[in-house]
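Residue numbers (this note's numbering): 477 to 706. Even glycine gets a Cβ: it sits at the ideal position worked out from N, Cα and C. To start, the structure itself, in structure tokens.
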């Protein structure tokens, strides 16, 4: 069953069960780490919403997609996928110190301590830097994605799952967010085509093709939203 269908029918409970089933492919230590990351994500994002649903649903779909569709068996990558928005959205809470002079650095240090340096590095690669108010916000976002993912092949895998949930899943948004999301994410399609097809991107040929097909679908949906005749 498609993940957005699970979301519509069973909500967070259904996604958690799908996550549990996918996690059975890992050993006991891997399952422990995945469970710890999920519960940390749930605690940090407990009050967050994404359109009509709890924000945790998005994080679960990002992780499940990597495990099922991308066949990722690297626990660090799945953990980083679950926590990919933790530092960006809740640095002070994660750091446990609202007065930290650099909450982002403090939050990344906590992740490194709890889950290892590699997890922290992957989360850092998909965490947006502070915005320059003198520049276009979307332009900065696109530039950050292209630059940060250039040097972190596994972070590409996390980010493309995130993009798929946001981009292909744009039809599940409501109100003004539909058009604003399409405008934000459409310029990323060619960037991800390049990143996914690079030789150092750690995905099999069938998975790469699956992602390219998803990028095609995202572009079709962006076009339907943005290219309507006047």
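Close-in-space but distant-in-sequence residues of the same chain around residue i (CB under 6 Å, 5 per side omitted)
i	result
residue 628	601
residue 702	658
residue 541	637
residue 566	520
Where the alpha helix (DSSP H) through residue i begins and ends
i	result
residue 672	664-672
residue 547	Looking at the DSSP string, residue 547 is not in any alpha helix (DSSP H), and its letter there is neither H nor E.
residue 634	629-643
residue 698	681-702
Buried versus exposed, by CB contacts within 10 Å (16 or more), residue i
i	result
residue 637	buried
residue 635	buried
residue 693	exposed
residue 513	buried
residue 561	buried
residue 477	exposed
residue 581	exposed
residue 690	buried
As assigned by DSSP and simplified to three states, the class of residue i
i	result
residue 529	strand
residue 566	coil
residue 604	coil
residue 477	coil
residue 582	helix
residue 650	coil
C-beta contact flag for residue i and residue j at 7 Å
i	j	result
residue 583	residue 570	yes
residue 579	residue 568	yes
residue 641	residue 537	yes
residue 595	residue 552	yes
7 Å CB neighbourhood of residue i in its chain, flanking five on each side removed
i	result
residue 518	532
Neighbourhood of residue i by C-beta, 8 Å cutoff - its chain only, sequence neighbours within 5 removed
i	result
residue 673	684 and 688
residue 665	643, 691, 694, 695 and 698
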